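Comments concern the structure below.
In mature numbering (1 follows the signal peptide of the UniProt record, and there is no 0), the protein residues as written are -17 to -1, 1 to 155.
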């Protein structure tokens, strides 16, 4: 009987992701945000928050998104760090539009850690180790055009700074 239980447990377990392009999110303004839609582009994925000391990075993330047609920024709003995000996707969308003119794709509010964390974060940790897990808002992941993790950068790495630019160049 035990082998049958093991087989059933294995059958129910989700398949491991081969790369970032295997992940989807609920989109901020409805529908689905499918990272496979961005295959062939370098992605800069950032967990964001509206009321954080790093929130002004939205401006540089938008400029990065607009500056190169081969780089796409993806925002993942989260309320995991200090309660610094709105309670609803509509509020996040309005804040980003009114204050920063954000046009890059964003997910609905996600969980980044613990048992309810979106699977993207477990994949990032598996690929990049503990340094790939966000310790605060505006942690960034640079994804190659093939969907591999090229870099995981802390909140202090500004989108228009040399650390980010080097990571993007290396990911191409």
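Positions of the beta carbon are idealized from the N, C-alpha and C atoms, including for glycine. In this text, all values refer to a predicted model and were calculated from it rather than measured experimentally.
Going by beta carbon distance, what residues of the same chain come within less than 6 Å of residue i, once the five residues before and after it are set aside?
i, result
"residue 148", "none"
"residue 31", "58, 60"
"residue 69", "33, 75"
"residue 106", "-1"
"residue 64", "119, 120"
"residue 144", "none"
If distances are taken between C-alpha atoms only, which option among the options comes closest to residue i?
i, options, result
"residue 76", "65, 61, 66", "61"
"residue 16", "122, 69, 7, 70", "7"
"residue 12", "151, 67, 89, 36", "89"
"residue 125", "1, 146, 70, 9", "146"
"residue 22", "110, 72, 9, 4", "4"
"residue 113", "101, 136, 99, 91", "136"
"residue 47", "63, 102, 28", "28"
"residue 66", "109, 153, 144, 92", "92"
"residue 82", "26, 45, 150, 18", "45"
"residue 14", "72, 96, 104", "72"
"residue 132", "111, 117, 98", "111"
"residue 86", "42, 99, 101, 98", "42"
"residue 19", "63, 103, 51", "103"
"residue 84", "144, 35, 49", "49"
"residue 155", "9, 117, 51, 35", "51"
"residue 151", "78, 26, 100", "26"
"residue 97", "134, 153, 116", "116"
Is residue i near the ligand PLP, judged by its Cβ being under 8 Å from some heavy atom?
i, result
"residue 77", "Looking at this structure, you won't find the ligand PLP or any other ligand, since it has none at all."
State the start and end residues of the unbroken alpha helix (DSSP H) segment that holds residue i.
i, result
"residue 8", "Residue 8 -> not in any alpha helix (DSSP H); beta strand (DSSP E) instead, spanning 7 to 9."
"residue 110", "102 to 111"
For residue i, collect the residues of the same chain with a Cβ closer than 7 Å to its Cβ; drop the 5 residues on either side in sequence, then sort them by chain order.
i, result
"residue 24", "53, 54, 55, 128"
"residue 156", "Since the first and last residues shown for the chain are -17 and 155, residue 156 lies out of range."
"residue 138", "37, 119, 120, 121, 122"
"residue 100", "94"
Please list, in chain order, all residues of the same chain as residue i whose beta carbon is under 8 Å from its beta carbon, the five residues on each side excluded.
i, result
"residue 1", "130"
Segments assigned alpha helix (DSSP H), at least 4 residues, entirely inside the segment 16 to 96: 40 to 50, 72 to 83
Segments assigned beta strand (DSSP E), at least 3 residues, entirely inside the segment 116 to 151: 123 to 126, 132 to 136
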